[in-house]
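K.L.:
In the UniProt record's numbering, the protein residues as written are 1 to 83.
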């Protein structure tokens with residue numbers, strides 16, 4: 001799909017004029033400027049509470065799977081006996 005995009009753009013010569021190229025390079029330069037000037041200096045301090053909650057939910061899911069596997073291991077011989 002990416003190759004088809006490159007081939008289609010290679011034969012569309014109207015896209016390669018000075019106005020379109022300078023517009024694309026200007027947008028890239030503005031993005032670089034915003035990143036280097038503003039976003040790189042920002043530091044986002046997030047609370048650790050959400051990460052701890054995520055760890056708690058994950059461990060609860062692991063324990064629930066362990067509990068179900070223990071119950072299934074106890075019930076499996078009785079299911080196999082009736083087969």
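In this text, a Cβ means the ideal position worked out from N, Cα and C, and glycines have one as well.
Kindly examine the ligand SAM and report whether one of its heavy atoms sits closer than 7 angstroms to the Cβ of residue 3.
P.N.:
Summarising the ligand content, the structure contains no ligands, and the ligand SAM is consequently not present.
K.L.:
In whole angstroms, what is the alpha-carbon distance linking residue 70 and residue 56?
P.N.:
Taking the straight line from one Cα to the other gives about 21 angstroms.
K.L.:
Would you identify the three-state DSSP class for residue 45, choosing helix, strand or coil?
P.N.:
Note: residue 45 maps to coil in three-state DSSP.
K.L.:
Once DSSP output is grouped into helix, strand and coil, what is the label at residue 57?
P.N.:
Note: residue 57 maps to helix in three-state DSSP.
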